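These notes concern the structure reproduced below.
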Amino acid sequence: DWLGNNLLNDNYGLAIIILVLVIRIILLPFMLSNYKNSHMMRQKMKVAKPEVEKIQEKVKRARTQEEKMAANQELMQVYKKYDMNPIKSMLGCLPMLIQLPIIMGLYFVLKDQLVDGLFKYPHFLWFDLGRPDIWITIIAGVLYFIQAYVSSKT
Numbered sequence: 007d008w009l010g011n012n013l014l015n016d017n018y019g020l021a022i023i024i025l026v027l028v029i030r031i032i033l034l035p036f037m038l039s040n041y042k043n044s045h046m047m048r049q050k051m052k053v054a055k056p057e058v059e060k061i062q063e064k065v066k067r068a069r070t071q072e073e074k075m076a077a078n079q080e081l082m083q084v085y086k087k088y089d090m091n092p093i094k095s096m097l098g099c100l101p102m103l104i105q106l107p108i109i110m111g112l113y114f115v116l117k118d119q120l121v122d123g124l125f126k127y128p129h130f131l132w133f134d135l136g137r138p139d140i141w142i143t144i145i146a147g148v149l150y151f152i153q154a155y156v157s158s159k160t
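At position 38 of the sequence shown the residue is numbered 44 (this note's numbering), and the sequence of numbers has no breaks.
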């Protein structure tokens, strides 16, 4: 109660920002590790790409299940040769998946009409948090697009 009344001054917008920042700071080591692994995987893939493409072509041309299995085994050997782990690169979305239930829970709590405080103190900056606002949606969409664009370029 002290935190809400004194520090945040019953400001839900500020509370949301602080909560998101705390979640992001907690997940920062996972995200940095993911960026590092993804960068290393891209570097290794540049070196292994000619071999991988040849084997993938073999998989496409394979007529029987045995030929496909043999080509896939060959592909696994190339991955092993260059110390590449395809599953490790798939775990890149883990930090996003961890924060998704927290953010969804926050959304449903704030959306619920039983939350008396949101209707009592609905304003943050020029936004009315008690009603849907198209500008928040547009700003969030643009920021996520920029984030996806920047992370695809690095």
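Even for Gly, the Cβ is constructed at its ideal location relative to N, Cα and C.
The model shown is predicted, which means the values in this text are computed figures rather than measured ones.
Could you say which of the options lies nearest to residue i if we only look at CA atoms?
{"i": "ILE29", "options": "GLU73, PRO56, LYS42, LEU103", "result": "LEU103"}
{"i": "ILE145", "options": "PHE133, ARG137, VAL156", "result": "PHE133"}
{"i": "ALA154", "options": "ALA68, CYS99, ASP139, ILE142", "result": "CYS99"}
{"i": "PRO138", "options": "GLN105, LEU34, TYR113, ILE32", "result": "TYR113"}
{"i": "LEU97", "options": "GLU63, GLY19, ASN40", "result": "ASN40"}
Looking only at DSSP bridge pairs, what is residue i linked to?
{"i": "PHE114", "result": "PHE114 pairs with nothing; no bridge assigned."}
Within 10 angstroms of the Cβ of residue i, are there 16 or more other Cβ atoms? Answer buried if so, exposed if not.
{"i": "ALA77", "result": "buried"}
{"i": "ALA21", "result": "buried"}
{"i": "PRO101", "result": "buried"}
{"i": "ASN91", "result": "exposed"}
{"i": "ILE93", "result": "exposed"}
{"i": "ILE23", "result": "exposed"}
{"i": "LEU25", "result": "exposed"}
{"i": "LEU81", "result": "buried"}
What residues in its chain sit with their C-beta under 8 Å from that of residue i, if we drop five residues either side in the sequence?
{"i": "ASP7", "result": "A caution first: ASP7 carries a pLDDT of 49, below 50, which makes its placement in the model unreliable, though a value can still be read off. Closer than 8 Å at Cβ, skipping near neighbours: no residue."}
Give the C-beta separation of residue i and residue j to the nearest angstrom, bearing in mind that I take them to be a contact with Cβ-Cβ under 8 Å.
{"i": "ILE61", "j": "VAL84", "result": "6 Å"}
{"i": "LYS55", "j": "VAL65", "result": "So it is not a contact: roughly 15 Å between Cβ atoms."}
{"i": "TYR88", "j": "LYS42", "result": "Actually they are not in contact, since the Cβ atoms of TYR88 and LYS42 sit about 17 Å apart, beyond 8 Å."}
{"i": "GLN79", "j": "LEU33", "result": "Actually they do not touch by this definition, with Cβ atoms about 36 Å apart."}
Counting only the same chain and skipping the five closest in sequence on each side, list residues whose C-beta sits under 7 Å from that of residue i.
{"i": "LEU27", "result": "none"}
{"i": "ALA68", "result": "LYS74, ALA77"}
Skipping 5 residues on each side, what residues in its chain have a beta carbon closer than 6 Å to that of residue i?
{"i": "PHE36", "result": "PRO101"}
{"i": "TRP141", "result": "none"}
Under a CB-based cut-off of 8 Å, is residue i close to chain B?
{"i": "LEU97", "result": "Note that chain B does not occur in the displayed structure, where there is just one protein chain."}
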